[in-house]
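A.B. asks: Residue numbers (this note's numbering): 1 to 58.
Here is the structure:
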C-alpha cells in the first residue's frame, strides 16, 4: 500500500507543478492541457485506490 501512496503523492506533486506552470504562463494552452491531464491521472488513481481507512470505518 505504501508504494501506491508514494505514487499518489508523486502524482499530486506533478499536478501542483503543472498548475504552477499554468500560473506562470496563463496563455500557454499546452501547459493548461498538461495540467488537466495530470489532474485526470491523479483522479483516476484516487478512484482506483480508495482510502483503506474509509473501508475500515464502515
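Glycine included, every Cβ here is placed at the ideal spot set by N, Cα and C.
Given that a residue counts as buried once 16 or more other Cβ atoms are within 10 Å of its Cβ, and exposed if not, what is residue 44?
C.D. replies: Residue 44 should be labelled exposed.
A.B. asks: Do you know whose CA, among 18, 9 and 5, lies nearest residue 36's CA?
C.D. replies: Residue 18 is the option with its Cα nearest to residue 36.
A.B. asks: Given residue 15, which residues of its chain have a CB within under 6 Å of its CB, disregarding the five upstream and five downstream residues?
C.D. replies: Same-chain partners within the cutoff: 38, 39 and 42.
A.B. asks: By alpha-carbon positions, which one of 32, 7 and 47 ends up nearest to residue 20?
C.D. replies: When each option's Cα is compared against that of residue 20, the closest is 32.
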